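Take the sequence shown: its letters are residues 436 to 583, numbered as in the working numbering.
Glycine is no exception: its CB is placed at the ideal position from the N, C-alpha and C atoms.
This structure is a prediction, so every number in the text was calculated from the model and none was measured.
Following: one structure in structure tokens, then a few remarks.
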Amino acid sequence: MIRILIVHGPNLNLLGKRDPKKYGTVTLEQINGTLRQMGEELGVGIETFQSNHEGAIIDFLQKDSSRASDGVLVNPGALIRYAYCFRQALVDLNKPVMEIHMSDISATGVNRSVNILDDVRIGQVTGLKEASYYEGLKRLVEHVRGAR
């Protein structure tokens with residue numbers, strides 16, 4: 436069975452409460468529930484993890500159970516602008532990475548031209564609110580199945 440890690444970066448624990456125009460009103464728990472349901476429908480195991488701390492995310496990615504996964508769906512949030520240790524953990528994991536963002540990251544924030552995952556990810560889905568997760572999961576699973 437294909438096994439996918441879903442990593443939610445800093446501040447995503449506040450989904451449903453923060454800036455609904457940009458991120459919608461769906462909570463992280465609701466998103467995780469839909470992703471698990473999609474996993475069942477796709478015949479894919481899903482493991483989710485969220486932290487506001489880069490080091491905790493790195494520790495999660497370095498676990499033996501994470502290393503046994505087939506791919507990573509990640510919403511890194513602002514980590515894409517400066518978190519080179521996080522980037523290296525994804526490189527070391529050596530699994531396909533699908534990057535997603537609920538908002539259009541090219542239109543907001545500082546350092547818009549910097550994305551530390553540009554040469555690490557296999558694809559990117561942005562600007563679809565919670566549907567970015569769902570589309571990203573479909574694309575990642577297609578990629579993993581095609582690589583087998």
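Environment of residue i [buried if 16+ CB atoms lie within 10 Å]
i	result
Ser-548	exposed
Asp-554	exposed
Lys-498	exposed
His-488	exposed
Ala-524	buried
Tyr-568	buried
Gly-474	buried
Val-579	buried
Cβ shell of residue i (< 7 Å), same chain only, five flanking positions each side left out
i	result
Arg-502	Leu-528
Lys-530	Ser-504, Asp-505, Gly-506 and Val-507
Leu-575	Ile-439, Gly-506, Leu-508, Pro-531 and Met-533
Leu-447	Leu-463, Gln-485, Asn-510 and Gly-512
Val-461	Leu-450, Gly-451 and Glu-565
Among the options, the one whose alpha carbon lies nearest that of residue i
i	options	result
Leu-449	Gln-523, Gly-459 and Tyr-519	Gly-459
Pro-511	Pro-445, Gly-581, Ile-439 and Gly-451	Pro-445
Asp-454	Gly-571, Arg-583 and Met-537	Met-537
Phe-495	Val-442, Val-526 and Glu-476	Val-442
Ile-493	Ile-466, Arg-522, Glu-476 and Ile-515	Arg-522
Where the alpha helix (DSSP H) through residue i begins and ends
i	result
His-578	566–582
Gly-501	The question names Gly, but residue 501 is Ser in the sequence shown. 499–502 is the extent of the alpha helix (DSSP H) around Ser-501.
Ala-524	519–528
Lys-457	455–458
Identified DSSP bridge partners for residue i
i	result
Arg-471	Partner(s): none; Arg-471 has no beta bridge.
His-443	Gln-485 and Asn-510
Ile-551	Answer is none; Ile-551 lacks a bridge partner.
Gly-480	Arg-438
Unbroken beta strand (DSSP E) run spanning residue i, endpoints
i	result
Val-532	532–536
Val-560	558–561
Close-in-space but distant-in-sequence residues of the same chain around residue i (CB under 6 Å, 5 per side omitted)
i	result
Ile-540	Thr-561
Val-479	Ile-437, Ile-439 and Val-576
Arg-556	Val-532 and Glu-534
Cβ-based neighbour list, residue i, same chain, cut-off 8 Å, excluding 5 preceding and 5 following
i	result
Gln-465	Gly-451 and Glu-565
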